[in-house]
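Numbering (the working numbering), first residue to last: 13 to 379. Just so you know, even glycine gets a beta-carbon here, dropped at the ideal spot from N, CA and C. Remember, it's a predicted structure, so these values are computed and weren't measured experimentally. Written out below as C-alpha cells is the structure these notes cover.
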C-alpha cells in the first residue's frame, strides 16, 4: 500500500488507522517527506480481500511538521459508509475531512477544516487551536467524538502567558459544527505534560476515555535528576513514566463526564481482605501544593558549601538562599521565569545556576 508510512505508534491518542465495512478495509497514514519539507501529507487507500486489490493512495489533507511522528491521522466510519479522517498534528489545529462518497477513498474528499480555532494566543494576540494526538470514534447516532491534548495560553493567565496542557473532548453531530472543548483533565503546572489517552464506545453507546498522565512536578524532578546524572556520566535523558491512571465515562454523548466505577464496567467490587482492612486503619498522608503564590514553586536542585551557605533553585526562575544551614531561606531575584534545573555553589558568595532554554546565571556577591 505504501513504502513511506511515517509510523503508526498508538501510545498517545490510540486511534484506529483502519476501519472495515462493506467487505473492504480502509487505511489512513501520514507519509514521510523529503528533507526541507514543512508538512506531512495524509493519505487513504482501501483493500479488497475478495480480490486482493489495493486502491491507489488518495490525498486527504496536509498538516504542519514534516516527518513528525506526532502527525498520525485517525479514521472512523459512519452508518452511511462515509469515512471521517482527522489529520495528526503537533501543536496545531486538528483538521477534519470526510469522503465525498461512501465506502471509497478515491472519489474525493471534503476540504480539511480545523476543529479548534481558540485556546492558544500567539505573540501578536491572534488566537488559534493547538492540539496533539487525536483519538476519534463515531457513535450510534453518527456523532463524531474527538479527544486530544490541547495546549492553552492567554494574556489572562497569571503565570506570564506560559503554556499548560489539557485533555479535551469535542463532538460533531451529523451536518453540524464541532463543539467547543470540554475539559476532561487539566495539568496543574505550566510546561510539558502528556496524556496517554484512548477513546472507545461500548455496545450501549457509552463513551469511555482511558488515560494516564505525566507532567507537573514529576517532569521537573525527573529532568533535574537526569541532568545531574548526565553531568556525572551516570545516566541518559528520558521521561518519567506516565501515572495517575483514570477511566472516564459519558452516558450522554459527551455532554457530561465522570470517573467510571467497577459497576459501570460490569466488574464486581473487590472484597476487602485483612491486609486491606489493616491498611485502611492507617491512612497514608499526602500533601500537594494548591497555588504557586506567594510561594510553593517546585524545587529541582539544592547545593551547600560547608553545610551552612547554600542555594535552592526551581520552576519559574525560583532561587532561594540559606546562610544558616537550612534553618531559614530568603528568596533572590533570578531575572528569569524559566525553570532552573541545576545549581553549583563555589563559595559562600559565588554560585552558578542553569536552566531551561540555555538560561545561565552567576552571582559573585552571595546573590
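Neighbour flag for residue i against chain B, beta carbons, 8 Å
i, result
"residue 266", "Considering every chain present, this structure includes no chain B. It has just one protein chain."
Length of the line joining the Cα atoms of residue i and residue j
i, j, result
"residue 301", "residue 109", "Any answer about residue 301 is weak, because its pLDDT of 42 lies below 50 and its placement is not dependable; what the coordinates show is given next. Each residue's Cα considered, the two are about 43 Å apart."
"residue 220", "residue 27", "13 Å"
"residue 369", "residue 35", "53 Å"
"residue 265", "residue 357", "57 Å"
"residue 47", "residue 76", "14 Å"
"residue 323", "residue 269", "45 Å"
"residue 263", "residue 85", "26 Å"
"residue 275", "residue 88", "28 Å"
"residue 309", "residue 205", "17 Å"
"residue 444", "residue 273", "Because the chain here runs from 13 to 379, residue 444 falls outside it and cannot be looked at."
"residue 33", "residue 107", "23 Å"
"residue 224", "residue 119", "39 Å"
"residue 360", "residue 133", "43 Å"
"residue 184", "residue 196", "17 Å"
"residue 104", "residue 267", "25 Å"
"residue 159", "residue 81", "18 Å"
"residue 13", "residue 96", "20 Å"
"residue 100", "residue 16", "16 Å"
"residue 39", "residue 57", "5 Å"
"residue 212", "residue 30", "15 Å"
"residue 367", "residue 320", "24 Å"
"residue 93", "residue 151", "13 Å"
"residue 363", "residue 228", "27 Å"
"residue 208", "residue 165", "22 Å"
"residue 342", "residue 239", "25 Å"
"residue 234", "residue 216", "42 Å"
Burial state of residue i, where buried means 16 or more other Cβ atoms lie within 10 Å
i, result
"residue 230", "buried"
"residue 111", "buried"
"residue 129", "exposed"
"residue 294", "At residue 294 the pLDDT is 40, less than 50, meaning the model places this residue with poor confidence; the figure from the coordinates comes in the next sentence. By the 10 Å Cβ count, residue 294 comes out exposed."
"residue 201", "buried"
"residue 203", "buried"
"residue 318", "exposed"
"residue 60", "exposed"
"residue 374", "exposed"
"residue 161", "buried"
"residue 142", "buried"
"residue 199", "buried"
"residue 83", "buried"
"residue 340", "exposed"
"residue 49", "exposed"
"residue 376", "exposed"
"residue 347", "exposed"
"residue 182", "buried"
Helix, strand or coil at residue i according to DSSP, with G and I counted as helix
i, result
"residue 274", "coil"
"residue 368", "helix"
"residue 91", "coil"
"residue 78", "coil"
"residue 239", "helix"
"residue 343", "strand"
"residue 362", "coil"
"residue 111", "strand"
"residue 258", "strand"
"residue 53", "strand"
"residue 73", "strand"
"residue 266", "coil"
"residue 376", "coil"
"residue 104", "strand"
"residue 13", "coil"
"residue 99", "coil"
"residue 65", "strand"
"residue 279", "coil"
"residue 352", "strand"
Give, in chain order, every unbroken run of the beta strand (DSSP E) that is at least 3 residues long and sits entirely within the region 118-202. 143-150, 156-164, 176-184, 194-198
Curious, which full-length beta strand (DSSP E) runs of at least 3 residues does the region 25-51 contain? 30-33, 36-42
Ignoring anything shorter than 4 residues or poking outside the region 304-336, list the alpha helix (DSSP H) runs there in chain order. none
Any beta strand (DSSP E) of 3 or more consecutive residues that is wholly inside the region 199-234: The qualifying runs are 205-207, 210-213, 219-227.
Would you say the region 187-202 touches the region 132-140, given that touching needs at least three Cβ pairs under 8 Å? no
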